[in-house]
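Asks:
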Amino acid sequence: MLRILKDHRKSLCLITVALLFSSCTSRNSTVLYPAPDCEIVSPITSQSTDPELLLVEAEPEKCLTEELEALRQTGTWLAEDTLALPVEAEETLYDFPIVINKQVEAYLDIFQNRQKKTFSRWLERSGKYLPMFQKELREAGLPEDLAYLSMIESGFNQRAYSRAHAVGLWQFIKGTGKEYNLRIDNYVDERRHAEKSTKAAVAFLSDLYANFGDWHLAVAGYNAGAGKIRKGLRRYKSKDFWDLAQHKYLHLETKRYVPKLIAAIIIAKNPEQYGFTSISYEAPITYETLRVGPGLSLDAVALLCGTSSKKIKGLNRELKTGRTPLNKNHYDVQIPPGTKQLAEKNMPRLNRVATTGYKTHVIRKGDTISGICKQYNINKTTLLKINNLRSSKLIAGKHLRIPQGKVRYRLLNPGEQGSIAANDLILHTIQPGDTIGKIADKYNVPEDLIVFWNGLKSKHRIRAGQQLAMYIEDINSTAVVTSTIPAKKVNKPKNKIVAKKDKNPSIIVLSQQKKFAIATKQTSSKQISWYKVQRGDSLWTIARKFNLSTRQLKSWNNLKSNRIHPGIKLKINNV
726 MLRILKDHRK SLCLITVALL FSSCTSRNST VLYPAPDCEI VSPITSQSTD
776 PELLLVEAEP EKCLTEELEA LRQTGTWLAE DTLALPVEAE ETLYDFPIVI
826 NKQVEAYLDI FQNRQKKTFS RWLERSGKYL PMFQKELREA GLPEDLAYLS
876 MIESGFNQRA YSRAHAVGLW QFIKGTGKEY NLRIDNYVDE RRHAEKSTKA
926 AVAFLSDLYA NFGDWHLAVA GYNAGAGKIR KGLRRYKSKD FWDLAQHKYL
976 HLETKRYVPK LIAAIIIAKN PEQYGFTSIS YEAPITYETL RVGPGLSLDA
1026 VALLCGTSSK KIKGLNRELK TGRTPLNKNH YDVQIPPGTK QLAEKNMPRL
1076 NRVATTGYKT HVIRKGDTIS GICKQYNINK TTLLKINNLR SSKLIAGKHL
1126 RIPQGKVRYR LLNPGEQGSI AANDLILHTI QPGDTIGKIA DKYNVPEDLI
1176 VFWNGLKSKH RIRAGQQLAM YIEDINSTAV VTSTIPAKKV NKPKNKIVAK
1226 KDKNPSIIVL SQQKKFAIAT KQTSSKQISW YKVQRGDSLW TIARKFNLST
1276 RQLKSWNNLK SNRIHPGIKL KINNV
């Protein structure tokens, strides 16, 4: 086997260089042409701006053009021009059918010279995935050398994205991915999940081989589709891939697929013989799983595990937004081996601190408020309020401030109370199961105020993923309002002993202190009333009954905590 390959390699230089560069007389002349890097990391637009989560270009146009031109120079793809390796060599070294012909030799030359730097990186990454790929292929009874199909598809890159909108290690388009049970939605794209996408690829390849009974045809079908290959075989009465490839029926991009894979297998299994020495292979991917709730940031998972965010994001490439899905009650995130016990121990200590930053949107001709709100997932009321706009009319060239919700995480010390906010405006993303009542309790604000802040038609019409603007300071303070609104009429509680309320109270902002307050008409004397605590009451519900804050109630009654008991009387000051 090795002798046959060496014999072919002796003539490789003269044959392929003549084919590729007919005006050149030696291999050394190729250095006159700048070799392109066929793995330039070009970010692709995605749902996150995090560099670790962006998709990257699978194959630059320049490199594709170079390969296709090299193949055009090779001439015909006749079946009789192929030379199959001896059966014993296939069984010993390869389990994928290897042949040597002009097209395979062209790729051997490309990988060893023009794309050597790129192929070296592919070899390095192969160490991360090959053990898992080969295990899945072996268990399915498929050739283990098919693992290198991922090499020519994506360069062993989970974030790879092609012009055909194929994604991941195995470059599934959305339709085929879903056909093979890969979940693809706003939160998750399992085409980027190493293990799940591999299982799908193995199933797809099994079906293709069952269709054709030939691995060259199956691999061509992986690229072009089984229907395209089947139709070509019938039209030209072809029996194998090489016979079909001599016709103009298949695009050259599809035809190149088979010789490219064969060349990749030959070099990857004998790298030093082809000039690839001192390759630093990455360690095999390993992980354990941690079950967490919806909407948890991967930064928080890293904090729980005592590791870096980069490592956690590398293990969870399928999470498009950098957090667990909002449409599932729980999610199993992948974490480094040996960190699960620490993560579970740290879970109760995890504290979420919300902040809000701002970005600038330059208004363009044709922009609308509704379109901008959809683009940034904010509601119209919030956008108008933040920018002090009285109408939805926009002027091209002007700037809009766009609030961007941010969250940081920390681990609480023993006995330390947590906080949920670090500034006035907080964007709360509605989680599955959330209600306005639950959100109001969380932020210690009235439900009607949340409805007003966000211009909601009803407190019952909210959806998961929607953002609500909350104007608060911290967990111990109450809401801060940016405009005056009429307060609802407060019914007189039956168990109130004495209560006199002024008419038409309104909720206002005290601009200096930024505290929530109830403003009423000035009176010559302060009215004091008392309230008897009932079973089921809380400081928060009592405060709401009288349009007060819990801080006021605690201050007036010298309470050191929010704990109260049925039967006690609370002083209610009407200021």
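One gets my numbering by counting positions in the sequence shown from 1 and adding 725 to each. Here a beta-carbon is modelled for each residue, glycine too, at the ideal position from N, C-alpha and C.
1. Buried or exposed: where does Val-1087 fall if 16 or more other Cβ atoms within 10 Å of its Cβ makes it buried?
2. Considering only residues of the region 998-1063, which uninterrupted alpha helix (DSSP H) runs meet the minimum length of 4 residues and lie entirely inside it, listed in chain order?
3. For Leu-1029 versus Ala-1068, is the C-beta spacing smaller than 8 Å?
4. Taking only three categories from DSSP, how would you classify Thr-801?
5. Counting C-beta neighbours from all protein chains within 10 Å, is the total for Thr-1085 16 or more, i.e. buried, or is it exposed?
6. Along the chain, where does the alpha helix (DSSP H) that runs through Asn-1076 open and close?
7. Reducing DSSP to helix, strand and coil, say where Trp-895 ends up.
8. Starting from Val-1176, follow the alpha helix (DSSP H) in both directions and report where the run begins and ends.
9. Any chance you could list the alpha helix (DSSP H) runs of at least 4 consecutive residues sitting entirely within the region 893-973, in chain order?
10. Are the Cβ atoms of Pro-996 and Leu-855 separated by less than 8 Å?
11. What did DSSP end up calling Glu-816 once you bin it into helix, strand or coil?
12. Looking at the structure shown, is Ser-1236 part of a helix, part of a strand, or coil, going by DSSP?
13. Since I believe Ser-879 is in contact with Ala-993 (beta carbons under 8 Å), could you give me their beta-carbon distance rounded to a whole number of angstroms?
14. Leaving out the 5 sequence neighbours to the left and right, which residues in its chain are closer than 7 Å to Ile-1293 when beta-carbon positions are compared?
15. Could you please give me the residues that DSSP links to Trp-1255 through a beta bridge?
16. Pairing CB atoms from the region 831-850 with CB atoms from the region 778-795, are three or more of them under 8 Å?
17. So, for Ser-1183: in the same chain, excluding its five sequence neighbours on each side, which residues have a beta-carbon less than 8 Å away from its beta-carbon?
18. What is the C-beta distance between Leu-975 and Gly-957, in whole angstroms, given that I count them as a contact (C-beta under 8 Å)?
19. So what does DSSP say about Gln-1100, is it helix, strand or coil?
20. Using 8 Å as the threshold, is the C-beta distance between Leu-1152 and Gln-1191 below it?
21. Return the first residue and the last residue of the beta strand (DSSP E) that Gln-883 is part of.
22. Please report the straight-line C-alpha distance between Ser-851 and Arg-884, rounded to a whole angstrom.
23. Which whole-angstrom value describes the C-beta separation of Glu-1013 and Pro-1062, a residue pair presumed to lie in contact below a C-beta threshold of 8 Å?
24. Can you say whether Pro-1171 is buried or exposed, counting buried as having 16 or more other CB atoms within 10 angstroms of its CB?
25. Hey, Arg-916 and Gly-902 are a contact pair by Cβ (cut 8 Å); roughly how many whole angstroms apart?
26. Here's the rule: buried if 16 or more other CB atoms are within 10 angstroms of the residue's CB, otherwise exposed. What is Thr-1093?
27. Would you kindly report the start and end of the unbroken alpha helix (DSSP H) that includes Ile-987?
28. If Thr-710 sits next to Pro-1019, beta carbons under 8 Å apart, how far is it from one beta carbon to the other, in whole angstroms?
29. Between which two residues does the beta strand (DSSP E) holding Glu-782 run?
30. What number of angstroms, rounded off, separates the C-alpha of Asp-1159 from the C-alpha of Leu-1021?
31. Hey, how far is the Cα of Ser-1034 from the Cα of Pro-776?
32. Leaving aside the five residues before and after Lys-827 along the sequence, list all residues of the same chain whose C-beta is less than 6 Å from its C-beta, in chain order.
33. With burial defined as no fewer than 16 other Cβ atoms inside 10 Å of the residue's Cβ, what is the status of Gln-1059: buried or exposed?
Replies: So, from the listed chains and residues:
1. Working through the sequence shown from its first residue, we reach residue 1087 at position 362. That one is exposed.
2. Taken in chain order, the unbroken stretches of alpha helix (DSSP H) that lie wholly in the region 998-1063 and span 4 residues or more are 1023-1030, 1034-1040.
3. Stepping through the sequence shown from its first residue, residue 1029 is reached at position 304. Stepping through the sequence shown from its first residue, residue 1068 is reached at position 343. In this structure, Ala-1068 lies closer than 8 Å to Leu-1029 by Cβ.
4. The residue you call residue 801 lines up with position 76 of the sequence shown. Looking at Thr-801 - three-state DSSP - the assignment turns out to be coil, as it is neither helix nor strand.
5. Counting from 1 along the sequence shown, the entry for residue 1085 is found at position 360. Exposed, by the Cβ-count rule.
6. Counting from 1 along the sequence shown, the entry for residue 1076 is found at position 351. Unbroken run through Asn-1076 is the beta strand (DSSP E), 1075-1087; no alpha helix (DSSP H).
7. Here residue 895 is taken as the residue at index 170 of the sequence shown, counted from 1. Assignment of Trp-895 by DSSP, reduced to helix, strand and coil, places it in the coil class.
8. Counted from its first residue, the sequence shown places residue 1176 at position 451. For Val-1176, the enclosing alpha helix (DSSP H) stretches over residues 1172-1179.
9. Counting only runs that start and end inside the region 893-973, the alpha helix (DSSP H) elements of at least 4 residues fall at 899-904, 919-937, 940-949, 951-961, 966-970.
10. Working through the sequence shown from its first residue, we reach residue 996 at position 271. Working through the sequence shown from its first residue, we reach residue 855 at position 130. Pro-996 places its beta carbon 8 Å or farther from that of Leu-855.
11. Taking the first residue of the sequence shown as position 1, residue 816 is located at position 91. Residue placement at Glu-816 is flagged as unreliable, the pLDDT there being 49, under the threshold of 50; the coordinate-derived value follows with that caveat. Residue state, collapsed to three classes: helix.
12. For the purposes of this step, residue 1236 is taken as residue 511 along the sequence shown, with counting starting at 1. In this prediction, Ser-1236 scores a pLDDT of 26, lower than 50, which makes its location untrustworthy; the coordinate-derived value is nonetheless stated afterwards. The answer is coil: DSSP assigns Ser-1236 none of H, G, I, E or B.
13. In the sequence shown, counting from the first residue as 1, residue 993 sits at position 268. In the sequence shown, counting from the first residue as 1, residue 879 sits at position 154. A Cβ-Cβ separation of about 15 Å leaves Ala-993 out of contact with Ser-879 under the 8 Å criterion.
14. One-based indexing of the sequence shown puts residue 1293 at position 568. Exclusion of the five residues before and after Ile-1293 leaves Val-1258 as the residues of its chain whose Cβ lies within less than 7 Å of its Cβ.
15. As a first step, residue 1255 must be located in the sequence shown, where it is residue number 530. Per DSSP, the beta-bridge partners of Trp-1255 are Lys-1296.
16. In short, these stretches touch, since the Cβ pair count reaches three.
17. Here the question's residue 1183 lines up with position 458 in the sequence shown. For Ser-1183, the CB contacts under 8 Å within the same chain, skipping 5 residues up- and downstream, are Val-1176 in chain order.
18. In the sequence shown, the residue the question calls residue 975 occupies position 250. In the sequence shown, the residue the question calls residue 957 occupies position 232. With a contact defined as Cβ atoms closer than 8 Å, Leu-975 and Gly-957 qualify at about 7 Å.
19. Residue numbering aside, residue 1100 sits at position 375 when the sequence shown is read from its first letter. Helix at Gln-1100.
20. Within the sequence shown, numbered from 1, the residue matching residue 1152 stands at position 427. Within the sequence shown, numbered from 1, the residue matching residue 1191 stands at position 466. Taking the C-beta atoms as reference points, Gln-1191 is found no nearer than 8 Å to Leu-1152.
21. What you label residue 883 is simply residue 158 of the sequence shown in a count that begins at 1. According to the DSSP assignment, Gln-883 belongs to no beta strand (DSSP E), since it is labelled neither H nor E.
22. Within the sequence shown, the letter at position 126 stands for residue 851. Within the sequence shown, the letter at position 159 stands for residue 884. Looking at the backbone, the Cα of Ser-851 and that of Arg-884 are separated by about 15 Å.
23. Here residue 1013 corresponds to residue number 288 of the sequence shown, with the count starting at 1. Here residue 1062 corresponds to residue number 337 of the sequence shown, with the count starting at 1. Between Pro-1062 and Glu-1013 the Cβ distance is about 6 Å, and since that is below 8 Å, they are a contact.
24. To locate residue 1171, count along the sequence shown from 1; it is residue 446. So Pro-1171 counts as buried.
25. Numbered from 1 along the sequence shown, position 191 holds the residue referred to as residue 916. Numbered from 1 along the sequence shown, position 177 holds the residue referred to as residue 902. That belief holds up - the Cβ atoms of Arg-916 and Gly-902 are roughly 5 Å apart, short of 8 Å.
26. Working through the sequence shown from its first residue, we reach residue 1093 at position 368. In summary, Thr-1093 is exposed, with fewer than 16 beta-carbon neighbours lying within 10 Å of its beta-carbon over all protein chains present.
27. Residue 987 sits at position 262 when you count from the first residue of the sequence shown. Note, Ile-987: alpha helix (DSSP H), 982-994.
28. Look at the range of the chain in this structure, 726 to 1300, and you will see that residue 710 is not part of it.
29. For the purposes of this step, residue 782 is identified with residue 57 of the sequence shown, where counting begins at 1. Unbroken beta strand (DSSP E) run through Glu-782: 780-782.
30. What you label residue 1159 is simply residue 434 of the sequence shown in a count that begins at 1. What you label residue 1021 is simply residue 296 of the sequence shown in a count that begins at 1. A straight line joining the alpha-carbon of Asp-1159 with that of Leu-1021 spans about 15 Å.
31. Locating residue 1034 in the sequence shown gives position 309, where the first residue counts as 1. Locating residue 776 in the sequence shown gives position 51, where the first residue counts as 1. C-alpha separation (whole angstroms): 12 Å.
32. Position 102 of the sequence shown, counted from the start, is the residue given in the question as residue 827. Within the same chain, Cβ atoms closer than 6 Å to the Cβ of Lys-827 are found at Thr-799, the five residues on either side in sequence being excluded.
33. Numbered from its first residue, the sequence shown carries residue 1059 at position 334. Burial state of Gln-1059 is buried, judged by a 10 Å Cβ sphere holding 16 or more other Cβ atoms.
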